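Take a look at the structure below.
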Amino acid sequence: MSILRVACLAFAIALAGACSKKSTAAADAKITEKPDHESVAAEQSVERRTEGDEADEAEAAPENEEIGEDCVAFLRATRATSAAPGTADCPQCPTSDTRPEVLHFEHFEVNRISSSEGACQVAVTIHARFNKSAGGRIVGGLIGWISPDKREQYERGETPAGSQVYKVSVIYQRRKGAWKAVEFNKTAG
């Protein structure tokens with residue numbers, strides 16, 4: 000072997016050793032950085048889970064707009080059957096069996112929301128007033144909430160005065176990613 004080869008080989012070994020030390024130092028630096036990086040990643044993951052939990056909480060109950068729409072639909076289902084079809088003797092009587100709406104929606108308030116996985120119970124207060132009565136029996140919707148004396152008055156063709164307040168508990172179930180009102184119950188108060 001020539002001295003030049005030995006010198007190159009010694010230089011290569013020294014260079015390799017120096018690179019090895021740099022690699023080890025770089026690896027050590029990465030190891031010390033890695034927990035910091037993992038810590039940042041873990042914090043970001045927690046933030047994402049928190050944002051996800053907030054989104055889940057937002058979906059844990061129906062929105063007020065949806066609750067309001069369901070309350071209006073339930074109220075509008077309160078109808079009056081015609082006392083008798085209109086005749087020449089009774090021009091103010093309805094001419095068809097249209098089953099007019101008994102109540103007019105004014106507003107509602109959400110009092111309480113209780114949620115569990117896939118189900119939700121919403122306590123609401125519905126404010127309404129009676130539409131002009133043409134007589135006829137009240138059916139459907141809020142019939143169970145209307146007091147017997149006001150029901151009799153309306154059925155005789157007299158319109159009960161004033162705003163009416165109905166306490167309702169609405170049971171929702173989550174179906175195919177959406178909330179569906181499945182039951183309306185009378186609440187105390």
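Heads up: the sequence shown is residues 0 to 188, going by numbering that gives the first Met the number 0.
Quick reminder that beta carbons are idealized off the backbone N, C-alpha and C, glycines included.
Everything numeric in this text was worked out from a predicted model, so none of it was measured.
Nearest to residue i (by Cα), restricted to the options the options
i       : options                            : result
Val-71  : Ala-187, Arg-174, Val-169, Arg-173 : Val-169
Gly-117 : Ile-125, Ile-145, Pro-61           : Pro-61
Glu-65  : Ser-146, Phe-107, Thr-77           : Phe-107
Glu-182 : Ile-125, Tyr-165, Leu-102, Cys-119 : Cys-119
Asn-130 : Pro-99, Gly-140, Thr-186, Leu-141  : Pro-99
Gly-161 : Asn-184, Val-109, Leu-102          : Leu-102
Val-109 : Ala-76, Thr-77, Val-167            : Val-167
Lys-185 : Gly-140, Ala-76, Asp-148           : Gly-140
Arg-78  : Thr-97, Arg-111, Trp-144           : Thr-97
C-alpha gap between residue i and residue j, whole angstroms
i       : j       : result
Gly-138 : Glu-58  : Just to set this straight, residue 138 is Val in the shown sequence, not Gly. For Val-138 and Glu-58, the distance between alpha carbons rounds to 34 Å.
Asn-63  : Ser-113 : 14 Å
Val-196 : Ser-81  : In the structure as shown, the chain begins at 0 and stops at 188. Residue 196 is therefore absent and cannot be evaluated.
Ala-133 : Thr-158 : 9 Å
Asp-52  : Ser-146 : In this prediction, Asp-52 scores a pLDDT of 47, lower than 50, which makes its location untrustworthy; the coordinate-derived value is nonetheless stated afterwards. The straight-line gap from Cα to Cα measures roughly 43 Å.
Phe-104 : Gln-172 : 24 Å
Ala-187 : Arg-136 : 25 Å
Val-121 : Ser-115 : 12 Å
Ser-38  : Asp-69  : Any answer about Ser-38 is weak, because its pLDDT of 41 lies below 50 and its placement is not dependable; what the coordinates show is given next. Between Ser-38 and Asp-69, the C-alpha separation is close to 46 Å.
Tyr-165 : Trp-144 : 6 Å
Lys-149 : Ala-76  : 17 Å
Glu-50  : Gly-67  : Model confidence at Glu-50 stands at a pLDDT of 46, short of 50, so the residue's coordinates are unreliable and nothing is read from them.
Cβ distance (whole Å) where residue i is taken to contact residue j below 8 Å
i       : j       : result
Leu-74  : Ile-142 : Actually they are not in contact, since the Cβ atoms of Leu-74 and Ile-142 sit about 11 Å apart, beyond 8 Å.
Arg-111 : Gln-163 : Not confirmed; about 21 Å, so no contact.
* Using 8 Å as the threshold, is the region 171 to 181 in touch with the region 153 to 162, meaning 3 or more CB pairs across them? -> no
* Asked: At what residue ranges does the region 142 to 171 contain a whole run of the alpha helix (DSSP H), taking only runs of 4 or more?
  -> 147 to 154
* Asked: Which runs of the beta strand (DSSP E), 3 residues or longer, sit entirely within the region 100 to 149?
  -> 102 to 115, 118 to 129
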